[in-house]
Amino acid sequence: MKKNKIVIIGGGSAGLACANALRQKGIQDILLIEKEDELGGILNQCIHNGFGLHLYKQELTGPMYAQRNIDLFMQLEIPYILNATVLNITEDKIITISEPEGCYQIQAEVIVLAMGARERTRGNIQIPGDRCVGVWTAGVAQKYLNIEGYLVGKRIFILGSGDIGLIMARRLTLARAKVVGVAEIMPYSNGLTRNIVQCLHDYDIPLYLSTTITKITGHNRVESITLCQVDDQRRPMLETAREVEVDTVLLSVGLIPDNVLSEKASVEIDHRTKGPLVDSQLMTNIPGVFACGNVLHIHDLVDHVSMEGMLVADSVVSYLNDQHFVQRIPVEAKGELNYVLPQYFDTNSESLLIKYRVTRPKSKAFLKISSNGKTLVKLPKVDLHPSEMQTFQLPKVFLDKINYNLVVELCDE
33 MKKNKIVIIG
43 GGSAGLACAN
53 ALRQKGIQDI
63 LLIEKEDELG
73 GILNQCIHNG
83 FGLHLYKQEL
93 TGPMYAQRNI
103 DLFMQLEIPY
113 ILNATVLNIT
123 EDKIITISEP
133 EGCYQIQAEV
143 IVLAMGARER
153 TRGNIQIPGD
163 RCVGVWTAGV
173 AQKYLNIEGY
183 LVGKRIFILG
193 SGDIGLIMAR
203 RLTLARAKVV
213 GVAEIMPYSN
223 GLTRNIVQCL
233 HDYDIPLYLS
243 TTITKITGHN
253 RVESITLCQV
263 DDQRRPMLET
273 AREVEVDTVL
283 LSVGLIPDNV
293 LSEKASVEID
303 HRTKGPLVDS
313 QLMTNIPGVF
323 ACGNVLHIHD
333 LVDHVSMEGM
343 LVADSVVSYL
353 NDQHFVQRIP
363 VEAKGELNYV
373 LPQYFDTNSE
383 SLLIKYRVTR
393 PKSKAFLKIS
403 SNGKTLVKLP
413 KVDLHPSEMQ
423 TFQLPKVFLD
433 KINYNLVVEL
443 CDE
């Protein structure tokens with residue numbers, strides 16, 4: 033059986049950033065595994081700009097951002113495998129890999145999970161109607177158009193206001209397709225504000241809030257959809273139903289962290305983030321198994337994905353040097369918080385970077401951090417949106433006062 037000190041699963045932004053940072057810290061025995069035929073991950077098909085503003089202070093396209101990481105990766109001469117599918121990971125960190133030449137196993141000392149996320153499909157959200165050609169997830173349609181050069185339809189409706197769907201609304205319009213509209217079941221958009229403005233408002237594409245598709249109709253191909261407004265419980269109000277003629281439906285209804293392999297390795301999954309439960313060094317409940325990027329939780333910006341990969345590199349070095357403290361105190365999300373990350377923190381941490389999302393838009397609120405019923409920090413927050421991840425750095429002076437649990441809460445007063 034082959035042996036490697038560090039195996040990184042996934043050659044996207046998180047995996048590349050982690051590998052590059054590890055090599056720059058002097059770690060030599062690294063292997064990166066990628067299932068596709070090229071490195072870079074999803075960014076290879078994201079030809080629009082807007083990447084790199086935080087990390088590089090430049091506005092780059094997706095392929096340009098990815099190429100910067102790849103160029104450094106090649107310069108550092110880090111070993112990697114393409115067209116390789118990881119079939120299984122065991123608790124004792126034995127990885128089963130399938131390549132065109134055959135299957136084999138690797139024994140790793142450290143595993144970094146960086147598999148990214150997958151799109152929700154029609155089956156996941158159970159849209160009734162006919163099973164016909166013309167129903168796509170936004171990411172697949174993006175690959176067909178930007179990589180393969182195929183236009184997936186001429187008269188298109190988009191369900192869901194996630195960032196990929198908004199960007200595809202603009203991209204399809206530029207490709208001379210007619211985007212009839214975008215429907216969002218929530219009373220607010222789930223995309224970044226800049227994408228709402230740049231992709232919909234600038235191209236006069238209507239956004240229908242509190243609206244969903246209740247039926248897809250078509251014989252061989254999609255012919256029409258039925259739109260309905262929804263009530264406060266997100267139940268369709270059938271009296272508002274109307275039919276819209278389209279030949280294509282794009283689904284932009286969210287991403288799910290791809291944790292099939294994580295679960296095989298007995299990694300505990302958070303029901304809120306759908307990613308692994310981790311401590312402040314992003315290590316899972318399995319010692320030596322770390323997670324970063326969209327496999328951990330869904331990010332807004334790729335810059336943050338890369339930064340998370342770099343943070344894992346620091347944590348891996350600490351772990352290899354026996355500097356990872358295993359005394360973990362739970363972090364709990366309360367109030368109108370969708371989730372908080374990390375779910376645990378180490379008592380010897382110098383500081384704690386808390387990431388969180390709200391459940392609904394809030395014009396103003398207070399972020400309260402407490403332990404054992406005692407408030408440690410209470411900060412005013414304004415203009416909070418579910419589509420935008422928030423962060424807060426908790427200094428060590430407060431961490432020293434925590435001995436049982438840490439509660440992060442969003443409250444009105």
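In terms of our numbering, the sequence shown opens at residue 33 and continues consecutively. Glycine included, each C-beta is placed from N, C-alpha and C at the ideal position.
Check                                                                                                         : Outcome
Every unbroken beta strand (DSSP E) within the segment 164-200, with a cutoff of 3 residues, ordered by chain : 167-169 and 187-191
Buried or exposed by the 16-neighbour rule on C-beta atoms within 10 Å, applied to V214                       : buried
Beta carbon of L259 nearer than 8 angstroms to that of V276                                                   : yes
Sufficient close CB pairs (3 or more, under 8 angstroms) joining the segment 334-352 to the segment 361-375   : no
Cα-Cα separation between L224 and M421, rounded to whole angstroms                                            : 10 angstroms
Span of the alpha helix (DSSP H), counted from its first residue to its last, around Y97                      : G94 to Q107
Own chain residues within Cβ distance below 7 angstroms of L408, not counting five before or after            : I401, S402, F430 and K433
Residue from N252, D279 and T246 whose Cα sits closest to the Cα of R266                                      : T246
S45 classed as buried or exposed, judged by whether at least 16 other C-beta atoms fall within 10 angstroms   : buried
Buried/exposed call for H331, threshold 16 Cβ in 10 Å                                                         : buried
Given R389 as reference, the closest of T305, I143 and G58 once Cα atoms are compared                         : T305
Whole-angstrom distance between E271 and L293, CA atom to CA atom                                             : 45 angstroms
Proximal residues to E295 (C-beta, below 8 angstroms), its chain only, five neighbours per side dropped       : I301
Selection from I110, L145, E133 and P111 that minimises the alpha carbon distance to I127                     : L145
Whether T391 touches L369 by CB criterion (8 angstroms)                                                       : yes
Separation of Y136 from K410, as counted between CA atoms                                                     : 53 angstroms
Under 8 angstroms between C-beta atoms of N404 and Y376                                                       : no
Cβ-based neighbour list, R152, same chain, cut-off 8 angstroms, excluding 5 preceding and 5 following         : T169, L283, V285, G286, L287 and I288
V299 vs I248 beta-carbon contact at 8 angstroms                                                               : no
Closest residue to L48 among Q77, M147 and Q90 (Cα-Cα distance)                                               : M147
Beta-bridge partners of M315, as assigned by DSSP                                                             : F322
CB-CB length for I467 against A297, believed under 8 angstroms                                                : Nothing can be reported for residue 467: it is not among the residues displayed for the chain, which extend from 33 to 445.
DSSP bridge partner residues for V211 (one or two, in chain order)                                            : I188
For Q230, the three-state DSSP class (helix, strand or coil)                                                  : helix
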